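Some notes on the structure that comes next.
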Amino acid sequence: MRVLLRLVAFVRPQPCCFSASSFSTCGNAQDGKINDALNYCVKIVRERDFENYFAVLLMAKPARARIFMILALNAEIATLRHKIKRGAGVAGINQLTFWKDALETFGRHNHKKGLLPRQPVITALNAFGSRADVPLLLRLVNARQQTLGDRPFANVHALESHSRELYGTLITLQMRALHEAISKVREEGEDKQKEEKRQLEMTDEAQNAVDAMACAIGILTLIRATVLLLRDGVVLLPQDLTSIHGVTASMALREPNSLKAVVRDLCEISDRHLSIARSPPSLSAICPSLRPALLTCGLRADHVLSVLRTNNFNLLDVRLHQRHPMSALKLWWRNKRKKY
10 MRVLLRLVAF
20 VRPQPCCFSA
30 SSFSTCGNAQ
40 DGKINDALNY
50 CVKIVRERDF
60 ENYFAVLLMA
70 KPARARIFMI
80 LALNAEIATL
90 RHKIKRGAGV
100 AGINQLTFWK
110 DALETFGRHN
120 HKKGLLPRQP
130 VITALNAFGS
140 RADVPLLLRL
150 VNARQQTLGD
160 RPFANVHALE
170 SHSRELYGTL
180 ITLQMRALHE
190 AISKVREEGE
200 DKQKEEKRQL
210 EMTDEAQNAV
220 DAMACAIGIL
230 TLIRATVLLL
240 RDGVVLLPQD
250 LTSIHGVTAS
260 MALREPNSLK
270 AVVRDLCEIS
280 DRHLSIARSP
290 PSLSAICPSL
300 RPALLTCGLR
310 ADHVLSVLRT
320 NNFNLLDVRL
330 HQRHPMSALK
340 LWWRNKRKKY
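See the structure below:
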């Protein structure tokens, strides 16, 4: 009961006001602009991505500011998908170019602070980010850009590749932030240090686990978004599967549930990826301290699969667009057990 009360207090809505020093030991922690920028990042992550918000609060404290910045950047770029539509002009494209230019400017070692845009997420990036992350952050932007043309994926392989580029990159960025935060904490005992260092390295097995989780959540996220995209006349589902099941774009637009067979196949593929990500070799390859980076993806994948299986793959089920009512408790419990 005590644990439940603490958890309720932890997630109870409250004014979003954090100081940079509560997340990191940055030298500019007392700078008001940096605190405001960090509060902005925390606010939009909480409003647009609550499960990730809660997951970050379960992570190592020194890594939180950097991860909130990464998630805020992802949230800002993700919203461009709704702004860039046919006949909507170039405003959305210009915003995408803005983020690319800002990241490239930050990545230059000799950049002057005055050249960076006065935007809260960019301010947080300058305070807590790492230039080594810039290639991955640009990959994140490019992955978001790939679906802006409203063209369906040619096949399942293309969807999996896009998922690795987007969600795999997002997971890797969080793992890197956790890795660098943990590496600063000195452990007692030389053997323990060596074992921790070995586990923190991104081995092939660990990368395979990340890629598998990314494919699982990428496929299921597309399924969740399908009905919303259909309202705009957009079908992104893999063409190889829609062709196999004889479903045309016009059929999908008229009746979303004509896609049930396609959705069933995609769920099976996603479930296989999820099993790979959670297999004993994958779990042993990822240091327990880095596993929180996969927490939210695992929870969401389980929730979407559960809803679709219980409703016979009905895309119109409103639960697909709602988070699990016990998501905070599930995240806390999985983190406690070092699972994802």
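Heads up, the sequence shown is in this note's numbering, so the first residue is 10 and it goes up one at a time. C-beta: ideal position from N, C-alpha, C; glycine also. Source: prediction; values computed, not measured.
Applying the criterion that 16 or more other CB atoms from any shown protein chain within 10 Å of the CB defines a buried residue, is residue i buried or exposed?
| i | result |
| --- | --- |
| G41 | exposed |
| H166 | exposed |
| H330 | exposed |
| Q39 | Caution is warranted here: a pLDDT of 46 is assigned to Q39, below 50, making its placement in the model unreliable, and the coordinate value is therefore given only provisionally. Q39 should be labelled exposed. |
| S172 | buried |
| S291 | buried |
| P247 | buried |
| H312 | buried |
| A91 | What sits at residue 91 in the sequence shown is His, not Ala. So H91 counts as exposed. |
| M335 | exposed |
| R55 | buried |
| T156 | buried |
| R127 | exposed |
Alpha carbon to alpha carbon, what distance is there between residue j and residue i?
| i | j | result |
| --- | --- | --- |
| H254 | R240 | 22 angstroms |
| R1 | S259 | Because the chain spans 10 through 349 in this model, residue 1 falls outside it and cannot be assessed. |
| L147 | L112 | 7 angstroms |
| L125 | F63 | 30 angstroms |
| A87 | S298 | 28 angstroms |
| V327 | S192 | 43 angstroms |
| W341 | L66 | 10 angstroms |
| L53 | A221 | The displayed chain sequence assigns Ile, not Leu, to residue 53. Whole-angstrom Cα-Cα distance: 28 angstroms. |
| L304 | A190 | 18 angstroms |
| R273 | L237 | 19 angstroms |
| D142 | S267 | 42 angstroms |
| A74 | S288 | 31 angstroms |
| C306 | Y349 | 8 angstroms |
| A242 | E169 | One point to set straight first is that residue 242 is Gly, not Ala, in the sequence displayed. Straight-line Cα distance between these residues: approximately 23 angstroms. |
| N344 | N61 | 13 angstroms |
| F322 | V316 | 8 angstroms |
| G158 | L308 | 30 angstroms |
| E277 | A337 | 26 angstroms |
| V51 | G116 | 23 angstroms |
| G138 | I76 | 9 angstroms |
| L231 | L245 | 8 angstroms |
| R153 | R281 | 25 angstroms |
| H140 | Y49 | His is not the amino acid found at residue 140; the sequence shown has Arg there. When rounded, the distance between both Cα atoms is 21 angstroms. |
| L89 | T114 | 21 angstroms |
| K347 | R263 | 44 angstroms |
| N217 | P144 | 20 angstroms |
| H333 | E214 | 30 angstroms |
| D45 | L105 | 23 angstroms |
| N103 | R300 | 36 angstroms |
Indicate the three-state DSSP secondary structure (helix, strand or coil) for residue i in the structure shown.
| i | result |
| --- | --- |
| D326 | coil |
| I295 | coil |
| G177 | helix |
| F162 | coil |
| N320 | coil |
| V143 | helix |
| G227 | helix |
| V243 | coil |
| M260 | helix |
| G255 | coil |
| M184 | helix |
| D213 | helix |
| Q104 | helix |
| L250 | helix |
| M335 | coil |
| P126 | coil |
| K193 | coil |
| K109 | helix |
| Q155 | coil |
| G116 | helix |
| K347 | coil |
| D220 | helix |
| T34 | Summary for T34: the model assigns pLDDT 45, below 50, so the residue's position carries little reliability; its value from the coordinates is reported in the next sentence. Looking at T34 - three-state DSSP - the assignment turns out to be coil, as it is neither helix nor strand. |
Confirm, please, whether the CB-CB distance from residue j to residue i is below 7 angstroms.
| i | j | result |
| --- | --- | --- |
| A133 | L47 | yes |
| T178 | A294 | no |
| A84 | D58 | yes |
| E286 | Q183 | In the sequence under discussion, the amino acid at residue 286 is Ala, which differs from the Glu named in the question. The answer is no: Cβ separation not under 7 angstroms. |
| A72 | V130 | no |
| L275 | I228 | yes |
| A310 | L283 | yes |
| T257 | V271 | no |
| A225 | S279 | yes |
| V219 | I180 | yes |
| I43 | A163 | no |
| L314 | P265 | no |
Check whether the Cβ of residue i lies closer than 7 angstroms to any Cβ atom in chain B.
| i | result |
| --- | --- |
| C296 | The structure shown has no chain B; it contains just one protein chain. |
Checklist entry - Enumerated in chain order, which unbroken segments of the alpha helix (DSSP H) with a length of 4 residues or greater are wholly contained in the segment 264-311? => result 269-286 and 289-294
Checklist entry - At which residue ranges does the segment 42-92 contain complete beta strand (DSSP E) runs of 3 or more residues, listed in the order of the chain? => result none
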